[in-house]
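Asks:
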Amino acid sequence: MKIVFATGNKDKLREINEISQGSGIEFILPEAGFNPVEDGLTFEENSYKKAKEAVRVSHKMSLADDSGLCVDALNGAPGLYSARYAGTQQEKINKILKELEGVSDRSAKFVCVMTLLDENGEILHVSKGECKGEIAEHQSGVNGFGYDPVFVVENYGKTMAEMSEDEKNQISHRGRALTDMLNFIRTLH
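The numbering of the sequence shown is the working numbering, which starts it at 3 and goes up by one.
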């Protein structure tokens with residue numbers, strides 16, 4: 003079964019296909035013309051908007067996620083704006099580290115909300131995953147992408163970027179949301 007995954011981010015596509023390996027479900031990129039407007043006020047709204055846009059261009063069942071890093075000391079920032087927090091990914095990491103200089107409470111969480119729509123744009127299922135941890139004082143590790151080099155996973159004592167892909171996929175916010183979503187999709191057959 004092929005399902006459109008509403009993203010232009012090939013790292014995200016690769017990650018969810020790795021997590022869903024062996025499920026009989028393959029996620030593919032949306033058709034040309036996919037250009038969602040992420041102006042929602044919640045992860046749920048943005049996830050729905052992306053899935054709706056993927057259905058519009060492909061006329062196929064579509065899954066979207068919206069995810070971000072929420073830092074307690076920054077009142078939940080960067081949150082919805084994680085992808086647009088600064089220019090390059092390194093600049094985003096540098097900005098977080100600078101904003102947390104001298105801050106003792108570095109608790110944070112990654113949040114992921116996934117929305118599955120049928121080919122008519124009707125909501126079939128919504129799932130949410132979270133991964134708690136804290137922001138490191140310095141970046142470490144070379145695996146993963148995004149904020150992984152500065153996110154120390156709760157109870158693991160290492161950053162997501164220091165974990166193997168298998169480790170990360172089992173405990174990540176996206177992995178948790180996708181596991182729930184895959185369980186739902188299996189009921190559709």
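C-beta atoms are modelled at their ideal positions from N, C-alpha and C, and glycine is treated no differently. Here the structure is a predicted model, which is why all the values come from computation and not from measurement.
Whole angstroms is fine: what's the gap from T44's alpha carbon to L82's?
Replies: T44 and L82: Cα-Cα distance of roughly 7 angstroms.
Asks: In whole angstroms, what is the alpha-carbon distance linking K160 and S142?
Replies: 8 angstroms
Asks: With respect to the alpha helix (DSSP H) encompassing K4, which residues constitute its N-terminal and C-terminal limits?
Replies: Premise fails: K4 lies in the beta strand (DSSP E), 4 to 7, not in any alpha helix (DSSP H).
Asks: Span of the alpha helix (DSSP H) holding K94?
Replies: 91 to 101
Asks: Could you pull out every residue in the same chain whose Cβ sits closer than 8 angstroms to the Cβ of I125, ignoring the five residues on either side in sequence?
Replies: Y50, T117, L118, L119
Asks: Given a cut-off of 7 angstroms, decide if G135 and I21 are closer than it, judged by their beta-carbon atoms.
Replies: Their beta carbons are not under 7 angstroms apart, which means I21 does not touch G135 by this criterion.
Asks: Do E113 and E132 have their CB atoms nearer than 7 angstroms?
Replies: In the sequence on display, residue 113 carries Val and not Glu. Taking 7 angstroms as the Cβ cut-off, V113 and E132 qualify as a contacting pair.
Asks: Suppose contacts are defined by Cβ-Cβ distances below 7 angstroms. Is E28 in contact with K12 by that definition?
Replies: no
Asks: Can you round the beta-carbon distance between A8 and S69 to whole angstroms, since I take them to be within the 8 angstroms contact cut?
Replies: The pair is not a contact, with the Cβ atoms about 12 angstroms apart (cut-off 8 angstroms).
Asks: Report the start-end ranges of each alpha helix (DSSP H) in the region 7 to 57 that is 4 residues or longer and not cut off at the edges.
Replies: Counting only runs of 4 or more, we get 12 to 21.
Asks: Please identify the residue among A110, V59, S25 whose C-alpha is closest to the C-alpha of P80.
Replies: A110
Asks: Out of K62, Y87, V39, point me to the one whose CA is closest to E33's CA.
Replies: K62
Asks: Does DSSP put H175 in a helix, a strand or coil?
Replies: helix
Asks: Let me check understanding here. Comparing Cα to Cα, which of L102, S60, K14 lies closest to K170?
Replies: K14
Asks: What's the gap between the Cα of V39 and the Cα of M162?
Replies: Between V39 and M162, the C-alpha separation is close to 29 angstroms.
Asks: Assuming T189 is part of the beta strand (DSSP E), what are its boundary residues?
Replies: Premise fails: T189 is in no beta strand (DSSP E) and is neither H nor E.
Asks: Go ahead and pull the three-state DSSP assignment for V144.
Replies: coil
Asks: Measure the alpha-carbon distance for L99 versus M165 and round it to whole angstroms.
Replies: 20 angstroms
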